[in-house]
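Here this note's numbering = 1-based position in the sequence shown + 430.
Backbone N, C-alpha and C fix where the C-beta goes; we use that ideal spot for every residue, glycine too.
Working notes, beginning with the structure itself.
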Amino acid sequence: MSDILKEILKDLPANKISDASFEGANIVLYTKDEDFFLNDKGIVKKIVNKIKKRIELRPDPTLCLELEKAEKKIRSIIDKTAGIDKITFDPQRSVVIIEVEKPGTTIGKKGELLQKIKAETFWIPIVRRKPAIRNQLIENIRSVLYKNSDYRKKFLHKTGERIYNGWLRGKKDEWVRITPLGGSRQVGRSCILLQTPESRVLLDCGVDVASEKQPYPHLEAPEFDIKELDAIILSHSHIDHSGLIPLIYKYGFRGPVYCTRPTRDVSALLQLDLIKIQRGNDGEPIYTSEDVKEMVKHTISLEYGEVTDVTPDLRITLYNAGHILGSAMIHIHIGNGLHNFLYTGDLKYAKTNLLSPANTYFPRLETLMIESTYGAREAVMTNPKEQDKTLGEMITNTIKRGGKVLMPVLGSGRAQEIIVLIERMIRTGTIEEIPIYIDGLVWDITAIHTAYPEFLNNTIREQIFHKDNNPFIQDNIKRIGSAKERKELLDYKGPCVILATSGMLVGGPSVEYLKQLGNNKKNSLIFTCYQGQGSLGRIIQRGVKEISFKNGSKNEVTQINLEVHKLEITGHSDRRELMNFVGKCNPRARKVIVNHGESSRCLDLARSIHKTYRIETIAPKNLESVRLV
Ligand SMILES: [Zn+2]
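Next up, the structure:
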């Protein structure tokens, strides 16, 4: 048994504790004593204050009421209006997960109903919101977790042992370095290796889908050894940050991935989609759905602001990044006060239609690593109200011509923002009511948004909770789920808006729509995100009028006659917002590392930060290590 567990047991009354184990950085104690479980007289709290770690007291599985009886009891305690959907027991951990429509009603005033469930069933209740849109993929992810709960318990305990059992590699010198393995001086394949004498962690591990030559980060770098890897910390679900993680599992990694719950769910969806796209391109996918499942099995989800140890000398906290649902900035407290590092991932420092602006307050901060997608001097966006107006006009003009609007979108982020925007424009009478068709993957991700409204900004939350006016569930929003439905939609003569992946027209249904809609002047194509170098989107933006596609052995040509527009709404900060973010960070960083932008943009932003704030800046290339301490 680990020393810390022995230490804790010393402070507890003898024979009260039947088992003690880790769940990641959390410590869980099990008791066979009913009275002690219901009232420990503040003993556990005292130990928490002493060792400053999270400790949970649970009933020993032998105390738990039989499943059938427990379920009956729970249903009788919770009010009918809460809308119980599903009750799932995790007997290994004495935990019961209750999925409901209204979590507030389920919990009761000050959690009194949960207390009652504990006292009468000897199960620990966890309440989860039932997604407003049922989705098979979310169910699959949850069932992977439930079905493997035995394995999960062992895995979480092992993760705790790594954290608490002291230094593995022997503390020698004090140093900290980061090495960008991808995503520096470029957008795509983000991957950063953080090393200390004791720890090796990866921040993100993505795929550059727009690049045929170098789509993957430099995992062959001498610094990186998969056998030494302690953990992966994932900022958000976009494929250029999450896309290669299943490959690490394919190569045998069995440690944890830390991220938020929406990031876990959306990443899995996007990775499964990547497999499909790679197969569709007549290639062999780099990993399979089994590897995605391994990733899900090893995910440890964190809330924003939840502090957790990941190794003996690294403690992380995720903060809202404002970029997409569940996106996080990763704050790393290194070596007990030695250094504090913040990796922004992708960042939006402004309130959007969906999310609150990125957090700027941190307990401590020395080095800031910031993205620069729109870091160039001229990359200042027109104000959001103007953009809303422009989109309204583009749609109205296309309706007048009787055409269709095709919007290639990243599955997560822009698509849902646009749905909210169009819903609002229709509700306020800015545009006519028009059908919005949402193709497969975008639909799935929209469904995930309805499962995690607590990650959305207060305006949308209000709309969903209090006015019962969920912008994602409207009569004019329809799902396209198959090739047959896609064809029917294209045969349909009336105007409509179509949202489909991929956002850069590199594979996926958006390309299929473009082939059919491209030659008709009545239609419009509206780009909604950054178009990577080498992508078809970038080529069309350059004004190319004829595109050829491979169809088996034949080449098919599509004329680009439709109107092409670019919408400058983005989940990224523009130049001004990036500069403001650096200035507003409290405390201010002493060193800034700029990444995630084309070379000139990285350099431009780095120069300006240095000039304005007199902070040391650097824009390393891939494989160029930076020593932080
Ligand atoms: Zn992103």
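If you measure from the CB of H668, is any heavy atom of ligand 1 nearer than 7 Å?
Position 238 of the sequence shown, counted from the first residue, corresponds to residue 668. Yes, Cβ of H668 sits closer than 7 Å to a heavy atom of ligand 1.
With 16 as the cutoff for other CB atoms within 10 Å, does V974 come out buried or exposed?
Position 544 of the sequence shown, counted from the start, is the residue given in the question as residue 974. Exposed, by the Cβ-count rule.
In three-state DSSP terms, what is K462?
Position 32 of the sequence shown holds residue 462. DSSP places K462 in coil when its eight states are reduced to three.
Would you say the beta carbon of H587 is closer than 7 Å to some non-hydrogen atom of ligand 1?
Position 157 of the sequence shown, counting from 1, holds the residue named residue 587. For ligand 1, not one heavy atom lies less than 7 Å from the Cβ of H587.
Cβ distance (whole Å) where W605 is taken to contact T626 below 8 Å
Residue mapping note: residue 605 aligns to position 175 of the sequence shown, counting from 1. Residue mapping note: residue 626 aligns to position 196 of the sequence shown, counting from 1. That pair is a contact at about 7 Å.
For ligand 1, I want to know if I754 counts as a neighbour, meaning its beta carbon is within less than 7 Å of at least one of the ligand's heavy atoms.
Counting from 1 along the sequence shown, the entry for residue 754 is found at position 324. It does: the Cβ of I754 is within 7 Å (strictly closer) of some heavy atom of ligand 1.
Close beta carbons around E863, own chain, < 8 Å, minus the five adjacent residues each side:
Start at 1 with the first residue of the sequence shown, and residue 863 comes out as number 433. Cβ neighbours of E863 beyond the five flanking positions: I856, N906.
So which of R1020, E498, H761 has the shortest CA-CA distance to P793?
What you label residue 793 is simply residue 363 of the sequence shown in a count that begins at 1. Answer by Cα proximity: H761.
For ligand 1, is there a heavy atom less than 7 Å away from the beta-carbon of H671?
Position 241 of the sequence shown, counted from the start, is the residue given in the question as residue 671. Yes, ligand 1 has a heavy atom inside 7 Å of this Cβ.
How about D1034 and A806: do their beta carbons lie closer than 8 Å?
The residue given as residue 1034 occupies position 604 in the sequence shown. The residue given as residue 806 occupies position 376 in the sequence shown. In contact: D1034 and A806 (Cβ atoms closer than 8 Å).
Just confirm the distance between the C-beta atoms of I868 and R909, as a whole number of angstroms; I'd bet it's less than 8 Å.
Indexing the sequence shown from 1 puts residue 868 at position 438. Indexing the sequence shown from 1 puts residue 909 at position 479. Confirmed, Cβ separation roughly 6 Å.
Where does P814 fall in DSSP's three states?
One-based indexing of the sequence shown puts residue 814 at position 384. In the structure shown, P814 sits in a helix (DSSP, three-state: H, G or I).
Any Cβ of chain D within less than 8 Å of the Cβ of N991?
No chain D is present in this structure, which holds just one protein chain.
From which residue to which residue does the beta strand (DSSP E) around H753 run?
In the sequence shown, counting from the first residue as 1, residue 753 sits at position 323. H753 -> no beta strand (DSSP E), and no H or E assigned at all.
What residue does the alpha helix (DSSP H) around C1032 start on, and which one ends it?
Here residue 1032 refers to the residue found at position 602 when the sequence shown is read from its first residue. Taken as a continuous stretch (DSSP letters only), the alpha helix (DSSP H) holding C1032 covers 1029 to 1043.
Among N770, R831, D660, which one has its Cα closest to the Cα of N950?
For the purposes of this step, residue 950 is taken as the residue at position 520 of the sequence shown. The residue with the shortest Cα to Cα distance from N950 is R831.
Inter-residue CB distance, N899 and K727 (contact presumed, cutoff 8 Å):
On the sequence shown, residue 899 is found 469 positions in, with the first residue counted as 1. On the sequence shown, residue 727 is found 297 positions in, with the first residue counted as 1. Rounded, the Cβ-Cβ distance is 37 Å, inconsistent with contact.
Between the CA atoms of G1027 and L1036 - distance to the nearest angstrom:
Here the question's residue 1036 lines up with position 606 in the sequence shown. Here the question's residue 1027 lines up with position 597 in the sequence shown. Checking the displayed sequence, the identity of residue 1036 turns out to be Ala instead of Leu. Going from the Cα of A1036 to the Cα of G1027 covers about 11 Å.
Tell me whether D874 is buried or exposed, calling it buried when 16 or more other Cβ atoms sit within 10 Å of its Cβ.
Counting from one through the sequence shown, the residue named residue 874 turns up at place 444. Buried, since its Cβ has 16 or more Cβ neighbours within 10 Å.
Comparing the CB of D695 with every heavy atom of ligand 1, is any distance shorter than 7 Å?
Walking along the sequence shown from the start, residue 695 turns up at place 265. Answer for D695: no, Cβ out of range of ligand 1.
Comparing C-alpha positions only, which one of T1047, D509, K1014 sits nearest to Y791?
Taking the sequence shown and counting its residues from 1, one reaches residue 791 at position 361. Cα-wise, what sits closest to Y791 is K1014.
Assuming G1001 and I754 make a contact with CB atoms under 8 Å, what is their CB distance in whole Å?
Taking the sequence shown and counting its residues from 1, the one referred to as residue 1001 is at position 571. Taking the sequence shown and counting its residues from 1, the one referred to as residue 754 is at position 324. That belief holds up - the Cβ atoms of G1001 and I754 are roughly 5 Å apart, short of 8 Å.
Just curious, the alpha helix (DSSP H) that V722 is in, first and last residue?
Counting from one through the sequence shown, the residue named residue 722 turns up at place 292. Segment 719 to 727, the alpha helix (DSSP H) holding V722.
Need the endpoints of the alpha helix (DSSP H) that L543 sits in, please.
Here residue 543 corresponds to residue number 113 of the sequence shown, with the count starting at 1. Per DSSP, L543 belongs to the alpha helix (DSSP H) from 542 to 551.
Relative to ligand 1, is the shortest distance from any of its heavy atoms to the C-beta of D776 smaller than 7 Å?
In the sequence shown, the residue the question calls residue 776 occupies position 346. Checking every heavy atom of ligand 1 against the Cβ of D776, one is found closer than 7 Å.
Would you mind giving the Cβ-Cβ distance between P901 and V850, rounded to the nearest angstrom? I have them listed as a contact below 8 Å.
Here residue 901 refers to the residue found at position 471 when the sequence shown is read from its first residue. Here residue 850 refers to the residue found at position 420 when the sequence shown is read from its first residue. That belief holds up - the Cβ atoms of P901 and V850 are roughly 5 Å apart, short of 8 Å.
Quick one: what does DSSP say D739 is sitting in, helix, strand or coil?
Along the sequence shown, one-based indexing puts residue 739 at 309. DSSP places D739 in strand when its eight states are reduced to three.
Which two residues bound the contiguous beta strand (DSSP E) that contains M1009?
Taking the sequence shown and counting its residues from 1, the one referred to as residue 1009 is at position 579. M1009 -> not in any beta strand (DSSP E); alpha helix (DSSP H) instead, spanning 1005 to 1014.
Local conformation of G948 per DSSP, three classes
For the purposes of this step, residue 948 is taken as the residue at position 518 of the sequence shown. If DSSP states are grouped into helix, strand and coil, G948 belongs with coil.
Residues of its chain near D580, where Cβ-Cβ distance is below 6 Å and the 5 sequence neighbours each way are ignored:
Walking along the sequence shown from the start, residue 580 turns up at place 150. Here the set comprises Q522.
If contact is defined by three or more beta carbon pairs under 8 Å, each pair taking one atom from either stretch, is the region 807 to 819 in contact with the region 1044 to 1058?
no
Tell me whether E853 sits in a helix, a strand or coil according to DSSP, three-state version.
For this step, residue 853 is matched to residue 423 along the sequence shown. In the structure shown, E853 sits in a helix (DSSP, three-state: H, G or I).
Taking the alpha carbon of N456 as the reference point, which residue from I438, K706, N445, K471 has its own alpha carbon closest?
Translated into the one-based positions of the sequence shown, residue 456 becomes position 26. When only C-alpha atoms are compared, the closest one is I438.
Please report how far the alpha carbon of I969 lies from the alpha carbon of G933, in whole angstroms.
Counted from its first residue, the sequence shown places residue 969 at position 539. Counted from its first residue, the sequence shown places residue 933 at position 503. Near 13 Å, if we compare the C-alpha coordinates of G933 and I969.
Straight-line gap, N479 to L777 (C-alpha atoms, nearest Å)
Here residue 479 refers to the residue found at position 49 of the sequence shown. Here residue 777 refers to the residue found at position 347 of the sequence shown. Looking at the two C-alpha atoms, the distance is approximately 35 Å.
Nearest to L1053 by alpha carbon, out of L624, I571, E642?
For the purposes of this step, residue 1053 is identified with residue 623 of the sequence shown, where counting begins at 1. Cα-wise, what sits closest to L1053 is L624.
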